[in-house]
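Structure first, then comments.
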Amino acid sequence: MLKRAGILEDVRCAGFIPKNMAWRKVDGTTIVSIEDVAKAKSPEAMTVLPLNMLGEIMLSHIARDNKISLKWKHRVIDVGQDENSAWAVVQEDDGTEKKITADFLCGCDGGSSQVRKSLFGAKNFPGKTWDVQLVATNVYYPFEKFGYDDMNTIIHPEDCHVVARITKDGLWRVSYNEDTKLTFQEVVDNQPGKFERLLPGSPKPEEYTLVNINPYKMHQRCSDKFRVGRICLAADAAHLCNPWGGMGLTSGFADVAGLAECLEGIAAKQVDDSILDKYDEVRRTLYYSVIDPISTGNFLRVSTLDPDKALEKDHILAMCAEAKKNPKVRETLDQGAYAICHDFTQYFNSRL
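Every letter in the sequence shown is one number past the one before it in full-length UniProt numbering, and letter 132, counting from 1, is 132.
If you want it as structure tokens, here you go:
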């Protein structure tokens, strides 16, 4: 998707390709690791880049494209459609309302999507909310000094957390679980003690630089439909999953890539708009068959397993261990990343 959008080269330049990934015990001991997790020599190698930096790259490309119009401070308050068009009613900062009309409307407006609420109601988003909140922090701290890899997942029933490098200059993401009953201020007040207990070297606040901290709830939810006439949903507006393993962002990219293929096919008259029913069917099926079970399994793996028995009890960790000595298993493991993808051009009269 990034390559087709023309931004992959800039993303690679701004980000970095991670080396190894490890699952660890809370004392830092490695349970199992994957070397060259990103397949560095592959043209599709995994690249790490924070979303704010990705957004800046996208904005710079949009500014050079006169076919794209970006409107800031336009809040969607309703959507509608007829047999020929779809529209969004938006409200500007001064309260002025206006209607923006197009052939199709795509709701990519996040988990609290007004597009979805306008279609199905404010409370109709089937699924569940986990009884835990995840606290995401960005911090400068020399984890490499303690032998940590670029990507680290710590398995523990109470103290599971993730430690991952996210920028070239050494900014790390540290995410951990907290009680849902805690207020934001209580989460902030607890953070120094959490870091001292969880992180290698038991650091005091003066030994690291905390850039930000953000607690949020975790969900497993999926809309009943991703297509209603000329209006479609994608990414978090269509479905949510817990962030363990990064399935939410990557599946959102896969949604958007697939929806773009469908709309391009319609515009090129290589397929009629029934392709959007196929989009709805395929992407919802992939949520329930891949995204939901894998993200759920990722969370349960880190939060319920006994770390001393994890390698013995968990088939994914066992597969990672086997992959270190069996190239065929490693290939199967690597190809699993593409399970969320789907080529919609196969349904066209001729390929784009």
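The beta-carbon is built from N, C-alpha and C at its ideal position, and this holds for glycine as well.
Same chain, Cβ closer than 8 Å to W172, five either side skipped, listed in chain order: N138, V139, Y140, Y141, F143, V163, A164, R165 and I166
Unbroken beta strand (DSSP E) run spanning A86, endpoints: A86 to E92
Length at least 4, wholly inside the stretch 80 to 167: the alpha helix (DSSP H) runs in chain order: 114 to 120
Residue environment, N214, which counts as buried when at least 16 other CB atoms sit within 10 Å: exposed
H315 burial status per 10 Å Cβ neighbour count (16 or more: buried): exposed
For M1, the nearest candidate out of A257, L210 and Q81 (CA to CA): A257
L352 to Q270 span [Cα, whole Å]: A caution first: L352 carries a pLDDT of 48, below 50, which makes its placement in the model too unreliable to give a value.
Reference N347, options D272, Y338, K217 and S202, closest by Cα: For the record, residue 347 in the displayed sequence is Tyr; it is not Asn. Selected option, being the one with the closest Cα: D272.
Nearest neighbour of I31, chosen from N124, V11, D179 and H156 [CA to CA]: H156
Beta bridge counterpart(s) of R173 as assigned by DSSP: N138 and A164
Distance between beta carbons of R116 and S251, contact taken as under 8 Å: With a Cβ gap of about 16 Å, S251 and R116 do not count as contacting.
Alpha-carbon to alpha-carbon, A40 and L333: 15 Å
C-alpha gap between Q220 and V132, whole angstroms: 13 Å
Cβ distance (whole Å) where I294 is taken to contact G245 below 8 Å: 7 Å
N190 - containing alpha helix (DSSP H), residue span: F184 to L198
Three-state secondary structure (DSSP) of D308: coil
Sequence-distant residues of the same chain with beta carbon closer than 6 Å to Y287, five excluded per side: C222 and H239
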